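Novice: Have a look at this one before I ask anything.
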Amino acid sequence: MKMKLPRDAQTDLMMKTGQIGVLGLLLCAAVFSASADKPGECPPEGYLAEKYLSTYTACQSDDDCGDSWKCCTDNGYKYCKPPAQERPGSCPDCTDQPRTTDYCTSDSMCADGSKCCTQNGGKTCLPSVGDKKGSCRRKTPIMCIVAMRSTCLSDSMCNGDYKCCPSDNGCYNECQKPV
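Numbering-wise (full-length UniProt numbering), the sequence shown opens with residue 1 and increments by one.
This is how it looks when you write it as structure tokens:
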């Protein structure tokens, strides 16, 4: 035999249940909003020779990293890294060798006055050689029918005194002799 509660007791029980549900939702929202990502983007993943791969995971979220550093995935594991940042200046001429190991992937991983440059088959921190002189030729952009991948994103990716400029059709960037 079921026992039926008086109408006032039923209403009181429903109100308490509803209040507990609302409190639970507020608690969940507070917990998830407290662990927001820090501003900035993670640097690209580095290329590592198999012997350098680590199985050490240093963080689960940005909250585990000090200062402005972010928790970034690299070669299948998570590490605290400074947010990606391009510094002014350019890299010295690089040697063309097969890629082996990257010791950096962003200028933010290098000391002040240095840039992350391709050298001896990988990326490493090298002293900046300053801004490249000259400017890009003026182009009249056209409508690109086929998207093409740029061969550079900044002057630091170009050898010697070449600069990263829009292509003749303006559909991608490439290293060119400055004017």
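Glycine included, every Cβ here is placed at the ideal spot set by N, Cα and C. On a predicted model such as this, the values are computed, not experimentally measured, just so you know.
Look at the alpha carbon of LEU23 and the alpha carbon of ASN173, and state the distance between them as a whole number of angstroms.
Specialist: The sequence position of residue 23 within the sequence shown is 23, counting from 1. The sequence position of residue 173 within the sequence shown is 173, counting from 1. Note that LEU23 has pLDDT 46, beneath the 50 cutoff, so the model's placement of it is unreliable and the number below is only indicative. So the two alpha carbons sit approximately 54 Å from each other.
Novice: Sorted by chain position, which residues of the same chain lie with C-beta nearer than 6 Å to ALA150's C-beta, five sequence neighbours on each side aside?
Specialist: Here residue 150 is taken as the residue at index 150 of the sequence shown, counted from 1. The sequence given here has Ser at residue 150, not Ala. Cβ neighbours of SER150 beyond the five flanking positions: TYR172 and ASN173.
Novice: By a C-beta neighbour count over all protein chains shown, 10 Å radius and 16 as the cutoff for buried, is SER68 buried or exposed?
Specialist: Counted from its first residue, the sequence shown places residue 68 at position 68. SER68 is exposed by the Cβ-count criterion.
Novice: With 16 as the cutoff for other CB atoms within 10 Å, does CYS164 come out buried or exposed?
Specialist: If you number the sequence shown from 1, residue 164 lands on position 164. Buried is the call here.
Novice: Given ARG99, which residues of its chain have a CB within under 7 Å of its CB, disregarding the five upstream and five downstream residues?
Specialist: Taking the first residue of the sequence shown as 1, we reach residue 99 at position 99. Exclusion of the five residues before and after ARG99 leaves TYR47, GLY121 and GLY122 as the residues of its chain whose Cβ lies within less than 7 Å of its Cβ.
Novice: Please classify SER128: does DSSP put it in a helix, a strand, or coil?
Specialist: In the sequence shown, the residue the question calls residue 128 occupies position 128. Looking at SER128 - three-state DSSP - the assignment turns out to be coil, as it is neither helix nor strand.
Novice: Just the C-alpha distance for MET129 and CYS91, rounded to the nearest angstrom, thanks.
Specialist: For the purposes of this step, residue 129 is taken as residue 129 along the sequence shown, with counting starting at 1. For the purposes of this step, residue 91 is taken as residue 91 along the sequence shown, with counting starting at 1. Reading off the sequence shown, one finds Val at residue 129, where the question assumed Met. Going from the Cα of VAL129 to the Cα of CYS91 covers about 6 Å.
Novice: Would you grab the beta carbon distance between ASP93 and GLY160 for me? Rounded to a whole angstrom, and I think it's under 8 Å.
Specialist: Locating residue 93 in the sequence shown gives position 93, where the first residue counts as 1. Locating residue 160 in the sequence shown gives position 160, where the first residue counts as 1. Right, their Cβ atoms sit about 6 Å apart.
Novice: Tell me, which residues are paired with TYR77 by DSSP?
Specialist: As a position in the sequence shown, residue 77 is number 77, starting the count at 1. According to DSSP, which records beta bridges pairwise, TYR77 is partnered with ASP74.
Novice: When burial is assigned at 16 or more other CB atoms within 10 Å of the CB, is LYS139 buried or exposed?
Specialist: Numbered from its first residue, the sequence shown carries residue 139 at position 139. It counts as exposed.
Novice: Decide if PRO82 is buried, meaning its Cβ has at least 16 other Cβ atoms within 10 Å, or exposed.
Specialist: In the sequence shown, residue 82 corresponds to position 82, counting from 1. Around the beta carbon of PRO82, 16 or more other beta carbons sit within 10 angstroms, so the residue counts as buried.
Novice: Helix, strand or coil: how does DSSP classify SER114 here?
Specialist: Residue mapping note: residue 114 aligns to position 114 of the sequence shown, counting from 1. When secondary structure is reduced to three states using DSSP, SER114 falls in the strand class.
Novice: Between which residues of its own chain and ARG59 is the CB-CB distance below 6 Å, once the five residues before and five after are set aside?
Specialist: Looking up residue 59 in the sequence shown gives position 59. A quick correction: the sequence has Cys, not Arg, at residue 59. Once the five neighbours on either side are set aside, the close Cβ partners of CYS59 are CYS65, CYS71, LYS78 and CYS80.
Novice: Within 10 Å of its beta-carbon, does SER156 have 16 or more other beta-carbons around it, so buried, or fewer, so exposed?
Specialist: On the sequence shown, residue 156 is found 156 positions in, with the first residue counted as 1. That one is buried.
Novice: Quick test of your reading: CYS175 and CYS158, contact by CB under 8 Å. State the CB separation rounded to the nearest angstrom.
Specialist: Residue mapping note: residue 175 aligns to position 175 of the sequence shown, counting from 1. Residue mapping note: residue 158 aligns to position 158 of the sequence shown, counting from 1. Confirmed, Cβ separation roughly 4 Å.
Novice: Using DSSP with H/G/I as helix, E/B as strand and the rest coil, what is CYS164?
Specialist: For the purposes of this step, residue 164 is taken as the residue at position 164 of the sequence shown. Residue state for CYS164 is assigned as strand, using DSSP reduced to three classes.
Novice: When the Cα of ASP168 is compared with those of CYS152, ILE142, ASP102 and GLU86, which residue comes out closest?
Specialist: Here the question's residue 168 lines up with position 168 in the sequence shown. The shortest C-alpha separation from ASP168 is found at ILE142.
Novice: Determine the direct distance from the alpha carbon of ASP37 to that of TYR162, and round the result to whole angstroms.
Specialist: Sequence index remark: in the sequence shown, residue 162 carries index 162 (1-based). Sequence index remark: in the sequence shown, residue 37 carries index 37 (1-based). Their Cα atoms are separated by approximately 37 Å.
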